[in-house]
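Sequential numbering from 171 applies to the sequence shown in mature numbering (1 follows the signal peptide of the UniProt record, and there is no 0). No residue lacks a Cβ here, since even glycine has one placed at the ideal position from N, Cα and C. Remarks on the structure that follows.
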Amino acid sequence: QQIETADGSGQSLYSGTVPLQLTLSGTTYQLKDPTRGNTYTTDMGNASDSSLCQLLGWGCKAGTLFTSPDNSFGNGSTSSRESAAVDAQYGTNMTWDFYKTTFGRNGIFGNGTGSYNRVHYGSNYVNAFWDGTKMTYGDGDGTNYGPLTSLDVAGHEMSHGVTENTAGLSYSGESGGLNEATSDIFGTMVEFFANNPSDPGDYLIGEQFDLKKHLGFRRMDNPASDGSSVNCWSSTTKNLDVHYSSGVGNHFFYLLSEGSGAKTLNGVSYNSPTCNGSSVTGIGRDAAARIWYRALTVYMTSSTNYSGARTATLNAAKDLYGAGSTQYNAGAAAWSAVNVA
Ligand code: ASN
Ligand code: ZN
Ligand code: CA
Numbered sequence: 171q172q173i174e175t176a177d178g179s180g181q182s183l184y185s186g187t188v189p190l191q192l193t194l195s196g197t198t199y200q201l202k203d204p205t206r207g208n209t210y211t212t213d214m215g216n217a218s219d220s221s222l223c224q225l226l227g228w229g230c231k232a233g234t235l236f237t238s239p240d241n242s243f244g245n246g247s248t249s250s251r252e253s254a255a256v257d258a259q260y261g262t263n264m265t266w267d268f269y270k271t272t273f274g275r276n277g278i279f280g281n282g283t284g285s286y287n288r289v290h291y292g293s294n295y296v297n298a299f300w301d302g303t304k305m306t307y308g309d310g311d312g313t314n315y316g317p318l319t320s321l322d323v324a325g326h327e328m329s330h331g332v333t334e335n336t337a338g339l340s341y342s343g344e345s346g347g348l349n350e351a352t353s354d355i356f357g358t359m360v361e362f363f364a365n366n367p368s369d370p371g372d373y374l375i376g377e378q379f380d381l382k383k384h385l386g387f388r389r390m391d392n393p394a395s396d397g398s399s400v401n402c403w404s405s406t407t408k409n410l411d412v413h414y415s416s417g418v419g420n421h422f423f424y425l426l427s428e429g430s431g432a433k434t435l436n437g438v439s440y441n442s443p444t445c446n447g448s449s450v451t452g453i454g455r456d457a458a459a460r461i462w463y464r465a466l467t468v469y470m471t472s473s474t475n476y477s478g479a480r481t482a483t484l485n486a487a488k489d490l491y492g493a494g495s496t497q498y499n500a501g502a503a504a505w506s507a508v509n510v511a
C-alpha cells in the first residue's frame, strides 16, 4: 500500500468545519496526522476498559482507527460517530500547535512522537482522561453533558502528559492541585490559541458540552463559585480533591493574566475577587503562560506545593523578564492575592 499525507476536512461538534491532515493508505483515508507525530483517533464503540486494564494497564483496548473512502469526516452532529472524533483530532492538533508555536515543544513527550485519542468510551461516561499514553473521551450522559471532546478538555488532557513528562507533579495533595491547575491553564490557552469562532477563548472549562448551563465544570476567575473549588490557599487546601485544590492555581493564573475586578471578554463576564483585598493588574495571558511553562519545565518537581509554585514562577518571571519587572511584580502580587505568601 502506498502511504501519503492528504489534506482533508472535518465537521466537528464544537469547532465548526476544521482542516485535517490525513493519512492516505491506498484508497482509504485514515484519521491519522503524519504532520503531527502520527497522532490518530479511534472509536471505542462505547466499550470500557477491562478492570485488569484499569488496575494494571494490561489488555487495554486500542479501539478502531477512524477511516473513510473520502477525505471528509463527520457531519457536525452526534448522528455521525465521526464528529466527536473530528473534535478530538482537531483538539490534539491545536494543542500540538500551541506547544510548538509558543514554547518550541514537540508534542507531549517533547520528542516529536504523537499520541492517540479514543472516543465513544463507555456508556453515559461524563469524563475524559490521560493515562500516560493516550487521551480517552466519554460521550457524556446526553442530557446534561454531550461528548467531552472540546478544545479546552483536549488541551487539559494532553497537558497532563506534558506535566508527567516535565515536572512530574504528583497527583495528590497540593502538587496534585498544581497538576490539575496546569491542565486547566494550558487547556484554556489552547482554546485562546485556536481562536475558533465556534469556541472562542474563555476561562471556563467544558462550557461547550455543558448542554444545560453552558458554564462547564470549572471557572478560573472565581473557582469557588462552583461550590467545591477554592479561591484562596489555606492549610486545608491539601486535603481537597485535586480538581478543587486546583482553584488556587487557576485563580492565580486568571489574576496574573487579566487582573482582579469585573471584565467581559468574548461575551463572557468575569469578576475575580482577591483574598487579601488587593487589586491586581494583569500582564496578559501570553506572558502568564510563558511564566507558568518555564516554572513547570525548569523549576517545579514532583513534590512542589503552592509555596514552591510561587518561588518557581517568580524564578521563571525573573529569567524571562528580569527581577523587578512588571511581570515579576504582578506574579508576586497575584500569589499574595490567593493567600500564597
Ligand atoms: N477528567 C479528569 C482529569 O483529567 C480525569 C481525572 O480525574 N484524572 O482531571
Ligand atoms: Zn485533569
Ligand atoms: Ca473553555
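Element boundaries [alpha helix (DSSP H), containing residue i]
{"i": "Arg-464", "result": "455 to 464"}
{"i": "Phe-268", "result": "251 to 273"}
{"i": "Asn-287", "result": "That residue, Asn-287, is in no alpha helix (DSSP H); its beta strand (DSSP E) goes 286 to 291."}
{"i": "Leu-321", "result": "321 to 334"}
{"i": "Gly-343", "result": "343 to 364"}
{"i": "Leu-495", "result": "The question names Leu, yet the displayed sequence has Ser at residue 495. Taken as a continuous stretch (DSSP letters only), Ser-495 belongs to no alpha helix (DSSP H), as it is neither H nor E."}
Buried/exposed call for residue i, threshold 16 Cβ in 10 Å
{"i": "Thr-177", "result": "Correcting the residue identity first, residue 177 is Asp in this sequence and not Thr. That one is exposed."}
{"i": "Val-468", "result": "exposed"}
{"i": "Gln-171", "result": "exposed"}
{"i": "Leu-374", "result": "buried"}
{"i": "residue 514", "result": "Given that the chain is displayed from residue 171 to residue 511, the structure contains no residue 514 and the question cannot be resolved."}
{"i": "Thr-197", "result": "exposed"}
{"i": "Lys-304", "result": "buried"}
{"i": "Asp-372", "result": "buried"}
{"i": "Leu-339", "result": "buried"}
{"i": "Ala-432", "result": "exposed"}
{"i": "Asp-257", "result": "buried"}
{"i": "Leu-381", "result": "exposed"}
{"i": "Gly-207", "result": "buried"}
{"i": "Asn-287", "result": "buried"}
{"i": "Asp-309", "result": "buried"}
{"i": "Lys-202", "result": "buried"}
{"i": "Thr-434", "result": "exposed"}
{"i": "Asp-411", "result": "exposed"}
{"i": "Thr-175", "result": "exposed"}
{"i": "Asn-446", "result": "exposed"}
{"i": "Ser-405", "result": "exposed"}
{"i": "Gly-302", "result": "exposed"}
{"i": "Asn-420", "result": "buried"}
Distance, residue j Cα to residue i Cα
{"i": "Tyr-341", "j": "His-330", "result": "10 Å"}
{"i": "Asp-311", "j": "Ser-398", "result": "22 Å"}
{"i": "Ile-173", "j": "Pro-204", "result": "10 Å"}
{"i": "Glu-361", "j": "Ala-324", "result": "9 Å"}
{"i": "Pro-239", "j": "Gln-181", "result": "16 Å"}
{"i": "Arg-460", "j": "Tyr-307", "result": "28 Å"}
{"i": "Met-470", "j": "Thr-483", "result": "9 Å"}
{"i": "Asn-365", "j": "Asp-219", "result": "34 Å"}
{"i": "Gln-378", "j": "Gly-386", "result": "7 Å"}
{"i": "Lys-231", "j": "Tyr-210", "result": "15 Å"}
{"i": "Pro-370", "j": "Asn-436", "result": "7 Å"}
{"i": "Phe-243", "j": "Ser-368", "result": "18 Å"}
{"i": "Ser-285", "j": "Gly-277", "result": "8 Å"}
{"i": "Ser-293", "j": "Thr-248", "result": "14 Å"}
{"i": "Asp-489", "j": "Thr-237", "result": "47 Å"}
{"i": "Ser-449", "j": "Leu-425", "result": "9 Å"}
{"i": "residue 122", "j": "Tyr-199", "result": "Residue 122 lies beyond the stretch modelled for the chain, which goes from 171 to 511, so this question has no answer here."}
{"i": "His-290", "j": "Asn-499", "result": "46 Å"}
{"i": "Tyr-260", "j": "Ala-298", "result": "16 Å"}
{"i": "Glu-344", "j": "Thr-407", "result": "7 Å"}
{"i": "residue 129", "j": "Val-508", "result": "Here the chain has residues from 171 to 511 only, and residue 129 is not among them."}
{"i": "Ala-458", "j": "Ser-427", "result": "6 Å"}
{"i": "Ala-486", "j": "Thr-187", "result": "38 Å"}
Boundaries (first-last residue) of the beta strand (DSSP E) holding residue i
{"i": "Gly-178", "result": "173 to 181"}
{"i": "Ser-195", "result": "187 to 195"}
{"i": "Thr-198", "result": "198 to 200"}
{"i": "Tyr-476", "result": "Unbroken run through Tyr-476 is the alpha helix (DSSP H), 476 to 491; no beta strand (DSSP E)."}
{"i": "Tyr-307", "result": "305 to 308"}
{"i": "Phe-299", "result": "298 to 300"}
CB contact below 8 Å: residue i versus chain B
{"i": "Ser-220", "result": "This model lacks chain B altogether, as it is built from one protein chain only."}
(request) Taking only runs that begin and end inside the segment 378 to 446, name each unbroken alpha helix (DSSP H) of 4 or more residues, in chain order. (result) 412 to 428
(message) I want to know whether the segment 212 to 230 touches the segment 261 to 281 - three or more CB-CB distances under 8 Å.
(response) no
(message) Measuring CB atoms only, is the segment 411 to 425 touching the segment 348 to 356, in the sense that at least three cross pairs come out at less than 8 Å?
(response) yes
(message) Extract the residue ranges of the beta strand (DSSP E) inside the segment 208 to 258, only unbroken runs of 3 or more that lie entirely within it.
(response) Taken in chain order, the complete beta strand (DSSP E) segments of 3 residues or longer contained in the segment 208 to 258 are 209 to 213.
(message) Between the segment 435 to 445 and the segment 391 to 411, can you find at least three pairs of beta-carbon atoms closer than 8 Å?
(response) yes
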